[in-house]
Ligand SMILES: [Zn+2]
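Numbering (this note's numbering), first residue to last: 1 to 158.
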């Protein structure tokens, strides 16, 4: 797409530190890294974000992200890895061309990826679950088959 920085990186018009390439995406070092080794996986074809990207391209990208994560773990001995895709400005997407961040984590690295946990009533969870599952035609199971204890803290990934 004209004027898109990532399209220019894909075409080579703008130089980058390329790590690997498939027929669908490239992985490059982020020029403004959260940590050394911070990598971006970028689709070769221009897609704005997760809503419009082709399934096979996104599938390829997440597998490349996995490969980068393993390399960061094995070669830089990071203590963990964040894999993040920001979609739309409010979610932190700065370049409107689909990409995945792979960020290695180290002790005391001062990288903060967090949010304040919100309290919600059981009815609100139920309503949200219903609305999110309706389009896929997933049967809602009764309360007996979904013990609440199993889901309470598992959403927190930090
Ligand atoms: Zn682009």
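Even glycine gets a Cβ: it sits at the ideal position worked out from N, Cα and C.
No experiment lies behind these values; they were computed from the predicted model shown.
Within the chosen limit of 6 Å, ligand 1 reaches the beta carbon of residue 97 through at least one heavy atom. Note that the C-beta distance between residue 25 and residue 52 is not below 7 Å. Per DSSP, residue 53 lies in no alpha helix (DSSP H) and is assigned neither H nor E.
The closest CA to that of residue 28, considering only 109, 117 and 101, is found on 101. Here residue 27 carries a strand assignment [DSSP, helix/strand/coil]. Contact between residue 12 and residue 104 does not hold, since the beta-carbon distance rounds to 26 Å and is not under 8 Å. With fewer than 16 other Cβ atoms from the protein chains shown falling within 10 Å of its own Cβ, residue 17 counts as exposed. Secondary structure note for residue 10: its alpha helix (DSSP H) is the uninterrupted segment 5 to 11.
Remark: three or more beta-carbon pairs, one from each stretch, lie closer than 8 Å, so the stretch 86 to 100 and the stretch 46 to 64 are flagged as touching. Taking a contact as a CB-CB distance under 8 Å, the pair residue 48 and residue 40 does not count as one, their CB atoms being some 16 Å apart.
In this structure residue 111 does not touch residue 32 by the C-beta definition: roughly 13 Å separates them, more than the 8 Å allowed.
Annotated three-state conformation of residue 21 is strand, per DSSP. Counted as a single uninterrupted DSSP element, the beta strand (DSSP E) harbouring residue 43 occupies residues 39 to 43. Annotation for residue 93: 49, 86 and 87 place their beta carbon closer than 8 Å to its own, counting only its chain and skipping 5 residues before and after.
Non-local beta-carbon contacts of residue 107 in its own chain, meaning distances under 8 Å to residues more than five positions away in sequence, involve 79 in chain order. Residue 81 is not a Cβ neighbour of residue 91, given a cutoff of 7 Å. Around the beta carbon of residue 9, a 10 Å sphere encloses 16 or more other beta carbons of the protein chains shown; the residue is thus reported as buried.
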